[in-house]
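In what follows, a structure is listed as structure tokens, so that the remarks can point back to it.
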Amino acid sequence: MKKMLIWALPLLFTLSLASCTDEDSWAEMTLSNRSWRVVEASYGAPYERGDIFYFYRDGGFEVEGFRLHEYGRWRVSKGRLLMHFDGSPYKVDIEAPIPVLDEDYVALDCRDYAFDMGYSLRMVAVGYLDGYGYDHWYTRPK
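In terms of my numbering, the sequence shown has 115 at position 121, counting the first letter as 1, and numbering is strictly consecutive.
As structure tokens, then:
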């Protein structure tokens, strides 16, 4: 019994890591090459209803809104959306756990290090971005 337990623990650990990676891969594939419209932002958030996030396959993103136009890099790691804005001194500007994600809807609980605040965003998919960024990590040859 003890021998089996010693063998099973590393296997369970490996499987738990693999499932996190699979969830991150699915989240990146769901978000990428699409535009997402903010339908709800919590009070005080720097984004507002109608702002559009474009997540490109190459890891770049763009945000267009009434008051802003921003660019940067994005990825998903350990169930969190990580965004870094071009020209920012921070390694990660926004860290957002993803409590809800399906094909056309995402909810984010954002921790914004640049503004030193937390807020929630709800977004719906608007459309696909044909022809943008075909070299994201999951489309590169191994």
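Where is the CB? At the ideal position from N, CA and C, for every residue including glycine.
DSSP-derived helix/strand/coil call for residue i
i	result
GLU42	coil
LEU95	strand
ALA108	coil
LEU62	coil
LEU123	coil
MET26	Correcting the residue type first, residue 26 is Ser in the shown sequence and not Met. SER26: coil per DSSP, three-state reduction.
SER114	strand
ASP148	As shown, the chain starts at -5 and ends at 136. That puts residue 148 outside it, with no answer to give.
SER82	coil
ASP103	strand
Distance between residue j and residue i (C-alpha atoms, nearest Å)
i	j	result
SER19	VAL70	8 Å
PHE60	ASP45	7 Å
GLY112	ALA21	21 Å
HIS78	GLY54	9 Å
ASP80	VAL57	12 Å
LEU62	ASP16	33 Å
LYS72	SER82	23 Å
ASP124	TYR84	30 Å
CYS104	PHE47	14 Å
GLY121	ARG51	14 Å
ASP98	GLY38	25 Å
Beta-carbon gap between residue i and residue j smaller than 9 Å
i	j	result
ALA101	ILE92	yes
PHE49	LEU25	yes
ALA90	TRP30	no
ARG28	GLU34	no
VAL86	TYR107	yes
Supposed contact pair residue j and residue i - C-beta distance, whole angstroms, cut 8 Å
i	j	result
LEU95	VAL32	No, LEU95 and VAL32 are not in contact; Cβ-Cβ is about 15 Å, not under 8 Å.
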